[in-house]
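Trainee: Mapping of the sequence shown onto full-length UniProt numbering: position 137 corresponds to residue 137, and the numbering continues sequentially without gaps. Got a structure here, written out as structure tokens. Questions coming.
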Amino acid sequence: MLSNNLNLRKIGIILLVFSVVLTGMGINLRTPVSYAAGVVYVSNSGSDTTGDGTLDKPYATLYKAYQNVDSVGTIYVLNNIKLLADNNKKFNLNKNVTITTAPGVGTPAVIQRDQAGTSTLLDLTNGQLTLKDITIDGSIPGGGPVSGRIINPELRK
1 MLSNNLNLRK IGIILLVFSV VLTGMGINLR TPVSYAAGVV YVSNSGSDTT GDGTLDKPYA
61 TLYKAYQNVD SVGTIYVLNN IKLLADNNKK FNLNKNVTIT TAPGVGTPAV IQRDQAGTST
121 LLDLTNGQLT LKDITIDGSI PGGGPVSGRI INPELRK
């Protein structure tokens, strides 16, 4: 009788080990945040160095967010941000990305050209970019020329 109880205990321990180790139960196997994500956040108080694109640690720039969002994903803008126009930073990955004001923000976020920016504001050479509940301000803060263009837009209702 005692040997039957020991055998049952051994079987129970083996089943427990199997369920924990082989099926991953009880183990946090989340994907590291440095990998691409379907949803990425941007804020004027974020950081491209220490941020990871989450709500708690957003990126500072749209470019960094675009580089780290999945091939089909959403970039949420948490507040008004400046966009330094830089001809070397193109949105050239074949992605289908939506840039929109984050839920709960209230009024549409403003993406404004940085004072030092004088070149193209957003240069999308591949993929699809959807702007939703966003205000794009191409003027230079404090004055300066206002110009802009949209090439090959697809407008949807």
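Here a beta-carbon is modelled for each residue, glycine too, at the ideal position from N, C-alpha and C.
Please classify residue 65: does DSSP put it in a helix, a strand, or coil?
Mentor: Numbered from its first residue, the sequence shown carries residue 65 at position 65. It is helical.
Trainee: Can you tell me where the beta strand (DSSP E) with residue 96 in it begins and where it stops?
Mentor: Walking along the sequence shown from the start, residue 96 turns up at place 96. Unbroken beta strand (DSSP E) run through residue 96: 96–101.
Trainee: Which residue marks the beginning of the beta strand (DSSP E) containing residue 137, and which one marks its end?
Mentor: Numbered from 1 along the sequence shown, position 137 holds the residue referred to as residue 137. Counting along the chain, the beta strand (DSSP E) containing residue 137 begins and ends at 134–137.
Trainee: In whole angstroms, what is the alpha-carbon distance linking residue 43 and residue 81?
Mentor: One-based indexing of the sequence shown puts residue 43 at position 43. One-based indexing of the sequence shown puts residue 81 at position 81. Cα to Cα, the separation comes out at about 7 Å.
Trainee: Mind reading off the beta-carbon distance from residue 37 to residue 77? Whole number of angstroms is fine, and I expect it under 8 Å.
Mentor: Taking the sequence shown and counting its residues from 1, the one referred to as residue 37 is at position 37. Taking the sequence shown and counting its residues from 1, the one referred to as residue 77 is at position 77. Actually they are not in contact, since the Cβ atoms of residue 37 and residue 77 sit about 15 Å apart, beyond 8 Å.
Trainee: Would you call the CB atoms of residue 133 and residue 112 closer than 8 Å?
Mentor: Taking the first residue of the sequence shown as 1, we reach residue 133 at position 133. Taking the first residue of the sequence shown as 1, we reach residue 112 at position 112. No, the Cβ-Cβ distance between residue 133 and residue 112 is not below 8 Å.
Trainee: Spatial neighbours of residue 55 within its chain, please: C-beta separation below 7 Å, excluding the five flanking residues on both sides.
Mentor: Here residue 55 refers to the residue found at position 55 when the sequence shown is read from its first residue. For residue 55, same chain residues with a beta-carbon under 7 Å away, outside a window of 5 residues either side, are 41 in chain order.
Trainee: Nearest by alpha-carbon distance to residue 131: which of 74, 39, 57 is it?
Mentor: Along the sequence shown, read from residue 1 onward, the residue named residue 131 stands at position 131. The shortest Cα separation from residue 131 among 74, 39, 57 belongs to 74.
Trainee: First and last residue of the beta strand (DSSP E) that includes residue 41?
Mentor: Walking along the sequence shown from the start, residue 41 turns up at place 41. 37–42 is the span of the beta strand (DSSP E), which, as asked, contains residue 41.
Trainee: Can you say whether residue 101 is buried or exposed, counting buried as having 16 or more other CB atoms within 10 angstroms of its CB?
Mentor: Position 101 of the sequence shown, counted from the start, is the residue given in the question as residue 101. Label assigned to residue 101: buried.
Trainee: When the Cα of residue 105 is compared with those of 9, 11, 79, which residue comes out closest?
Mentor: If you number the sequence shown from 1, residue 105 lands on position 105. When only C-alpha atoms are compared, the closest one is 79.
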